[in-house]
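Just below is one structure, and these are the notes that go with it.
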Amino acid sequence: MGGKALWVAMQMAIEELDRATRFDMLPPTVGPHVRLDHEVRIPESISNPAHWVQSTVLPQRPPNAEDQLERAPRTRSRDKQGDGFFRNFRVQEYVRKGFDGSELGLNPLSTPQITHWVPGDRDLLLMEPVVFRENLHAELREISTTFLAWQSLFAERIHARVPHLIAYVLPSAHADVTARTRAILEASRAEVVDVSVPVERMRFIDTIRQVGRSGGMLGSLL
């Protein structure tokens, strides 16, 4: 362990710390394998606390000339943030990306794509991450439209059980995101999971494991 791999893992954890709302508790998306250490006080003589933490606590890498360039803050896409959540809770082996119905014999050019999905022997999880952004309302409407489309496709063309539709809300400092998500997705009858709530998060993770371990070949859905 160490070197570039350690530095990259640390950078991912640092990005997730932007979602922290408390100093004594890590965001759920950081995952169970990252833990808080004991409290360390910054010496009173330090005039730049952020630089002191970077230089004395965080892993270092050789300086690069590009590090000095001004860049706009990077925002990871919804799917990447969802990938990070599944990876942190070690269920990434069960989660696939980009469900378009081709596995069920549908033309992928005529179907809306689902961001994440988990195939099982008797169940199919179709999942969309929800991340707070300025265009949250528009993204939620798009997710609702996508879920409604798949409900219709399964009911009218596939004649199989309706898949389990899940919108999972990633942590945010904005407390009303989950409520807004539930309100907009009400028509689609999708389950809304707030991963900031431990009970909801662990039930969600357990569901992914159970479905993923059941066979992963879409079984009776075909």
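For the sequence shown, numbering that gives the first Met the number 0 assigns the number 0 to the initial residue and increments by one for each residue that follows. Beta carbons: idealized from backbone N, C-alpha and C, even for Gly.
Among the options, nearest to residue i - alpha-carbon criterion
| i | options | result |
| --- | --- | --- |
| residue 171 | 201, 188, 179 | 179 |
| residue 206 | 142, 135, 88 | 88 |
| residue 43 | 145, 99, 51 | 51 |
| residue 124 | 210, 48, 37, 181 | 210 |
| residue 174 | 153, 137, 130, 138 | 130 |
| residue 25 | 197, 203, 202 | 197 |
| residue 39 | 47, 33, 55 | 55 |
| residue 139 | 76, 23, 203, 182 | 182 |
| residue 119 | 208, 45, 19 | 208 |
Reduced DSSP secondary structure (H/G/I, E/B, other) of residue i
| i | result |
| --- | --- |
| residue 71 | Here the model assigns residue 71 a pLDDT of 45, short of 50, so the residue's position is not dependable, and the following value carries that caveat. It is coil, neither helix nor strand. |
| residue 88 | coil |
| residue 175 | coil |
| residue 38 | coil |
| residue 19 | coil |
| residue 185 | helix |
| residue 198 | helix |
| residue 52 | helix |
| residue 0 | Its pLDDT being 46, under 50, residue 0 is placed unreliably in this model, and the coordinates cannot settle the point. |
| residue 226 | With the chain represented from 0 up to 221, any question about residue 226 goes unanswered, as that position is not in the structure. |
C-beta atoms of residue i and residue j nearer than 9 Å
| i | j | result |
| --- | --- | --- |
| residue 128 | residue 91 | no |
| residue 188 | residue 194 | no |
| residue 176 | residue 135 | yes |
| residue 143 | residue 108 | no |
| residue 95 | residue 213 | no |
| residue 169 | residue 98 | no |
| residue 105 | residue 147 | no |
Contact test: residue i Cβ vs the ligand HEM heavy atom, cutoff 8 Å
| i | result |
| --- | --- |
| residue 101 | The model depicted lacks the ligand HEM and carries no ligand whatsoever. |
9 Å Cβ cutoff, residue i in contact with chain C
| i | result |
| --- | --- |
| residue 149 | Any reference to chain C falls outside this structure, which holds one protein chain only. |
Tell me whether the region 162-171 and the region 113-124 touch, counting them as touching only if at least three CB pairs, one residue from each stretch, are closer than 8 Å.
yes
Which runs of the alpha helix (DSSP H), 4 residues or longer, sit entirely within the region 78-160?
135-152
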